[in-house]
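J.: Going by this note's numbering, the sequence shown opens with residue 706, and the numbers climb by one from there.
No residue lacks a Cβ here, since even glycine has one placed at the ideal position from N, Cα and C.
None of the values given here were measured: they were computed from a predicted structure.
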Amino acid sequence: MIKLLDKNIANKIAAGEVIDRPVSIVKELVENSLDAGATAVTIEIREGGRNYIRVTDNGCGIPADEAELAFMRHATSKISDERDLDAITTLGFRGEALASICAVARVELITKTADTKAGRLVVNEGSRILENSRIGCPDGTTITVKDLFYNVPARKKFLNSAASEARRIIDFASRIALSYPDVRFSVINGSKPVFTTSGNGNITANILSIYGADLGKSLIPVEKAEKGFTLKGCISDPGTSMPSRNRQVFCVNGRIISSSVMERALDKAYRERLFNGRFPVAFLFLAMPPEKLDVNIHPTKKEIRFDDNAEVEDFVQMAVMEALRGEEAIPSAANTHEIKIPEVNESTYSYVSGVKDETVRRIAVRGGEKEEQVNITSILTTLRDDLNRASDTSPRQEDQPAGSPLSINRPFEFDDLRVIGSVFNTYIACQSEDSFYLIDQHAAHERVFYEKLVRQYHSDEKVQQQLMLPLTFNVPADVSSTESSWISAVRAMGYDIEFFGNNTYIVREIPAFMELSEAEDFLNDMFNEFTERPDLSNTGILEKIIMKACKSAIKAGDAISREEILALFDQLQQCDNPFSCPHGRPVFVRITKYEMERMFKRA
Ligand code: ADP
Ligand code: MG
């Protein structure tokens, strides 16, 4: 028998779609506050919001005679006719949130508009109005939601621990607070203040107050404007990374979103700079022409669709890469070895609020990790793209918005370096006006060698040097029998190589930038790899081999003369990514004068 559902049951079912966890309530309430033009929003939760959520704002309030209406399904003040749908500027417009919340919880609304003396109190329980009366209160709206799912035990069971629900709420609050820098947000968990933002538009200050000053130390500013796109924000220097993406926040035209396009752009920009499985920290605020994106493809509006993914991806990647080339991007000796990240539990947030916590865990970033191969195919492609881009150096736009978020990220100048000497025959010590640098000479050389090889590999013109005495290589039969899979690659690198008979190859020319011994070692290493992996039709495998061979072709621990140091710098300067070796280890570490003064307790 088909029956119409009872209104109460229907409401509960519908509510399930909007309200599944405490964080969805917080989200709806905060969005309403923002839609009401609030400049201050306070979020209070107890027990992860399962029993108590209160959001207070100083927005426009609800007129007394409409207060009850706000709880009706499809009651909204934000659109009134179909045409409005095309030009939605508010976060909500479906008129469903409050109706859904009160179907599954006890809700109290206190509200007042500026033009009235008295406010309104409306109490609602399971979609029934229990009270509607006058009350004295300040302008704005306070909504309290108690006993979530008290009438839907089946759903209540699915709630997680208070700590984990609290974490979700605080994560949401952090992101929304960042994307509305002009609104002052306060978050209180139980009796603990979690964070308060300034409300004065200073994004960097907000990042520091939300995520802690320790994270802030490793951040470098990003700022780029071009063709109607502006990217601002900050990213971690390559010496700092995270095991997941949860310190990546993207905001597009004022909305916090998740975006695989922006993630990809970041990953590409950091490629070779981080070990596999590590992620940069990033707070990126993109402003772009609104007609180039579609916001409403997803009901919760977390995903947006760009008309042209490649355009956005390229712009973000370029902006991040430029920032990574600046002086600030050189890992500081003070925090290359370990960064602190908070333990993921409730006490996290005492750390987040700036109070150092016992549970802060130290994680070695550089140490103890096994060396990982980077995906070479993609590196080669990126590098080639970079080279192409670098060649059409369009002048930087002058209309950049003023006021960089962090200290100014000056372009790093090799010319400013003064060589002091060599340490342990391994590190070059240098200084600039206000920094001291150690440069790993082996990693530097490897970087130079690698980029030159890759450039040569992709270039049509090979720069070669002829050998007075040709080199001969005797190889195992399985190497010569698979010749067709590798010989053209070896030639592309600049070797003039030919089969000579009897498993022997003869090399008459080598890449111009290689020493004879390097060229020989490199090729021998390649051959060894070929033996192990005879199937080289896969270019990915071949390119991995190039990287491996690159590494062993260069010897560490040689004494290096001043002239050689200068020559190395000269070559390093021409590299796209001079600050880390192809395996992601740093080439440079930096200690600023200030950091040094701190070490000696002078500052
Ligand atoms: P929607 O946001 O989609 O319009 P809601 O159910 O979230 O629907 O809210 C219903 C209506 O209640 C809103 O359209 C708005 O008029 C009013 N309202 C809700 N919260 C607030 C608030 N914090 N300040 C002012 N008005 C509010
Ligand atoms: Mg709403």
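How about G797: is its Cβ closer than 6 Å to a heavy atom in the ligand MG?
T.: Yes, the beta carbon of G797 sits closer than 6 Å to at least one heavy atom of the ligand MG.
J.: Under 6 Å Cβ to Cβ from C765, same chain only, skipping five residues before and after it: list those, please.
T.: Correct list, in chain order: A741 and G742.
J.: Does the beta-carbon of A802, which I'm using as the reference point, lie nearer than 6 Å to any heavy atom of the ligand MG?
T.: The answer is yes for A802.
J.: Ignore the nearest five residues each way along the sequence and tell me which others in V1314's own chain have a CB closer than 6 Å to its CB.
T.: The displayed coordinates of the chain run from 706 to 1308. Any statement about residue 1314 would go beyond what the structure contains.
J.: For I1270, which residues in the same chain have their Cβ closer than 6 Å to its Cβ, ignoring the five residues on either side in sequence?
T.: Within the same chain, I1270 has close Cβ partners V1124 and I1133.
J.: Using the Cα positions of S903 and N894, report the straight-line distance between them to the nearest angstrom.
T.: Distance between the alpha carbons of S903 and N894: 19 Å.
J.: When the Cα of R759 is compared with those of E1166, D852 and K861, which residue comes out closest?
T.: R759 has its Cα closest to that of D852, out of E1166, D852 and K861.
J.: Buried or exposed: E1077, going by 16 or more other Cβ atoms within 10 Å of its Cβ?
T.: In this predicted model, E1077 has a pLDDT of only 31, less than 50, meaning its place in the structure is not dependable; the value taken from the coordinates is given anyway. E1077 is exposed by the Cβ-count criterion.
J.: Going straight from the alpha carbon of T781 to that of N737, what length do you get?
T.: Those two C-alpha atoms are separated by around 11 Å.
J.: Could you tell me the alpha carbon to alpha carbon distance between T935 and L796, rounded to whole angstroms?
T.: Cα-Cα distance, rounded: 22 Å.
J.: For F1020, which option in H1150, R1010 and G933 has the closest C-alpha, if you only look at C-alpha atoms?
T.: F1020 has its Cα closest to that of G933, out of H1150, R1010 and G933.
J.: Report all residues from its chain with a CB closer than 6 Å to the CB of Y975; omit the five preceding and five following residues, and keep chain order.
T.: P985.
J.: Can you have a look at N763 and say buried or exposed, based on whether 16 or more other CB atoms are within 10 angstroms of its CB?
T.: So N763 counts as buried.
J.: Specify the secondary structure class of F1141 as computed by DSSP and reduced to three states.
T.: Of the three classes helix, strand and coil, the one that applies to F1141 here is strand, per DSSP.
J.: Looking only at its chain, what residues have a beta carbon closer than 7 Å to the beta carbon of M1198, apart from the 5 residues adjacent to it on each side?
T.: Once the five neighbours on either side are set aside, the close Cβ partners of M1198 are L1158, Q1161, Y1162 and P1216.
J.: Excluding five sequence neighbours on each side, which residues of the same chain lie with their C-beta closer than 6 Å to the C-beta of K997?
T.: So the qualifying residues of the chain are D1012.
J.: Which whole-angstrom value is the C-beta distance of N907 and P926, which I expect to be below 8 Å?
T.: That pair is no contact at about 13 Å.
J.: Do I1211 and P1175 come within 7 Å of each other at the CB atom, strictly closer than that value?
T.: Against a cut-off of 7 Å, the Cβ pair of I1211 and P1175 comes out as a contact.
J.: Any chance the CB of N737 is under 6 Å from a heavy atom of the ligand MG?
T.: Correct: N737 has its Cβ closer than 6 Å to the ligand MG.
J.: What does a CB cutoff of less than 6 Å around V1294 pick up in its chain, not counting 5 residues either side in sequence?
T.: Within the same chain, V1294 has close Cβ partners P1036, A1038, T1041 and L1143.
J.: How long is the line joining the alpha carbons of Y1299 and A1308, rounded to whole angstroms?
T.: The alpha-carbon atoms of Y1299 and A1308 are separated by roughly 7 Å.
J.: Determine which residues share a DSSP beta bridge with S1127 and list them.
T.: Its beta-bridge partners are I1133.
J.: Taking C-alpha atoms, which residue in S869, R960 and D999 lies nearest to L883?
T.: Looking at the Cα atoms, R960 is the closest of the given residues.
J.: So, with DSSP's three-state summary, where would you put R978?
T.: If DSSP states are grouped into helix, strand and coil, R978 belongs with coil.
J.: Determine the direct distance from the alpha carbon of F1119 to that of Q1279, and round the result to whole angstroms.
T.: Straight-line Cα distance between these residues: approximately 10 Å.
J.: Closest by CA to A868, which one among I750, V746, I1265 and A859?
T.: Cα-wise, what sits closest to A868 is I750.
J.: I need the DSSP call for I915, collapsed to helix, strand or coil.
T.: It is helical.
J.: Where in the region 886-951 do unbroken runs of the alpha helix (DSSP H), each at least 4 residues long, occur, reported from the N-terminal end onward?
T.: Here the runs fully enclosed are 908-916 and 918-922.
J.: Using CA coordinates, which residue listed in F1305, L991, L1172 and A930 is at the minimum distance from T1221?
T.: The sequence given here places Leu at residue 1221; Thr does not occur at that position. Nearest option by C-alpha distance: L1172.
J.: Tell me which residues share the same chain as I940 and place their Cβ nearer than 8 Å to its Cβ, disregarding the 5 neighbours each side in the sequence.
T.: Around I940: L924, I925, V927, L971, P985, V986, A987, F988, L989, V1025, A1028 and L1029.
J.: From the DSSP secondary-structure annotation, give me the bridge partner or partners of N837.
T.: DSSP output for N837 lists V827 as bridge partner(s).
J.: Please say whether V735 and I881 have beta carbons closer to each other than 7 Å?
T.: Yes; because the gap between Cβ atoms is below 7 Å, this pair is in contact.
J.: Apply the 10 Å Cβ neighbour rule to E1138 and answer buried if 16 or more other Cβ atoms are within range, or exposed otherwise.
T.: That one is exposed.
J.: Out of R799, S896, T761 and Y757, which one is the CA nearest neighbour of M777?
T.: The shortest Cα separation from M777 among R799, S896, T761 and Y757 belongs to R799.
J.: Please say whether R825 and A769 have beta carbons closer to each other than 7 Å?
T.: Contact: yes.
J.: For the beta strand (DSSP E) containing E1220, list its first residue and its last residue.
T.: Careful: E1220 lies outside any beta strand (DSSP E) and carries neither H nor E.
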